[in-house]
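Here full-length UniProt numbering is used: the first residue of the sequence shown is 1, the next is one more, and so on. One structure below.
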Amino acid sequence: MDTNQLKAEFCEIGRRIYAKGFAAGNDGNLSYCTGPDEVLCTPTMICKGFMEPADMCLVDLQGTQLEGRRAPSSEILMHLAIYQEQPAAKAVVHCHPPHATAFAVAGEPVPQGVLPEVEMYLGEIPTSPYATPGTPRLGDSIRPLVARGATTVVLANHGVVAWADTVERAFWRVELLDAYCRILLLARQLGAPQPLPDGEIRSILQAKAAQGLSDPRIVDGVVQD
């Protein structure tokens, strides 16, 4: 995908994020690592539902702006931390999906072992300690989680960030997480969410390892006990 196509994709994913209520006002940001030391990203202070291709910015892995008529996202350092810690990461999506962010604000960990799709495509969903948005501390707060293989992280009192090999797949992870959190909240109104049967998570992880998907519970292609 060339740069023009990426910029158009940013606009499309931005519209989806805004339409789903995952970003109010100028919330949220997207990026894609286009080269060894180049990252395309969305600008600061813009509604993600109304971006144009010409709004996008290019920065290096230190955050220095290389191209763009607007300033890059104030949270670009968080994106760069992911690219620095996880070589497999090509795209990052950050926004504030309300059901997942409710867990972030409540200080409640997102439970595991309930839905097979979540185990397969998200894996462990850690919560990072709170760090002020737009500061280097935000990137530092997620580094150890990303380095050990987490693809989707809940940011305490803030939102969610996810990485993948494409912008759309990173968005899918955010979308799946929010749908899962909504299901959990609804299930709690009916009773307690029931866990998957014994042994099922290991079976899912074995299938995940066979597909080469990242998960902290898989090391060098082997499911850990």
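C-beta: ideal position from N, C-alpha, C; glycine also. None of the values given here were measured: they were computed from a predicted structure.
By Cβ distance below 8 Å, which residues in the same chain neighbour residue i in space, the five residues on each side in sequence not counted?
| i | result |
| --- | --- |
| arginine 182 | His99 |
| glutamate 67 | Cys57, Leu58 |
Out of the options, state which residue places its alpha-carbon closest to the alpha-carbon of residue i.
| i | options | result |
| --- | --- | --- |
| leucine 155 | Ser31, Leu6, Met78, Ala91 | Met78 |
| glutamine 84 | Asn29, Ala71, Met51, Ala147 | Ala147 |
| glycine 175 | Leu190, Gly21, Asp215 | Checking the displayed sequence, the identity of residue 175 turns out to be glutamate instead of glycine. For glutamate 175, the nearest C-alpha among the options comes from Gly21. |
| serine 128 | Ala71, Glu108, Trp172, Leu61 | Glu108 |
| alanine 23 | Arg202, Pro97, Leu61, Leu196 | Pro97 |
| alanine 150 | Phe103, Asn29, Gln194, Tyr121 | Tyr121 |
Here's a check: name, in chain order, each residue in its chain whose Cβ is nearer than 6 Å to the Cβ of residue i, leaving out the five neighbours to either side.
| i | result |
| --- | --- |
| methionine 45 | Asn26 |
| valine 118 | Tyr180 |
| methionine 51 | Cys11, Gly14 |
By how many angstroms is the C-alpha of residue j removed from the C-alpha of residue i?
| i | j | result |
| --- | --- | --- |
| valine 105 | valine 160 | 11 Å |
| threonine 135 | aspartate 225 | 37 Å |
| serine 54 | alanine 170 | The residue asked about is misnamed: residue 54 is alanine in this sequence, not serine. The straight-line gap from Cα to Cα measures roughly 22 Å. |
| leucine 115 | glutamate 200 | 10 Å |
| leucine 186 | threonine 3 | 41 Å |
| asparagine 157 | cysteine 95 | 12 Å |
| glutamine 189 | glutamine 65 | 48 Å |
| valine 39 | tyrosine 18 | 22 Å |
Apart from the five residues just before and just after residue i, which ones in its own chain have a Cβ nearer than 7 Å to its Cβ?
| i | result |
| --- | --- |
| glycine 139 | Leu77, Met78, Leu80, Ala81 |
Counting contacts by CB-CB distance shorter than 8 Å, is residue i in contact with chain D?
| i | result |
| --- | --- |
| glutamine 5 | The chain labelled as chain D is not found in the depicted structure, where only one protein chain is given. |
So if DSSP puts residue i in a beta bridge, which residue, or which two residues, is it bridged to?
| i | result |
| --- | --- |
| serine 31 | Cys41, Val92 |
| glutamine 65 | Val59 |
| proline 72 | Pro43 |
| alanine 164 | Ala91 |
| valine 219 | Val222 |
| serine 128 | Leu155 |
Please look up how many angstroms separate the CB atoms of residue i and residue j, rounded, as I've assumed it's under 8 Å.
| i | j | result |
| --- | --- | --- |
| glutamate 75 | proline 126 | The pair is not a contact, with the Cβ atoms about 19 Å apart (cut-off 8 Å). |
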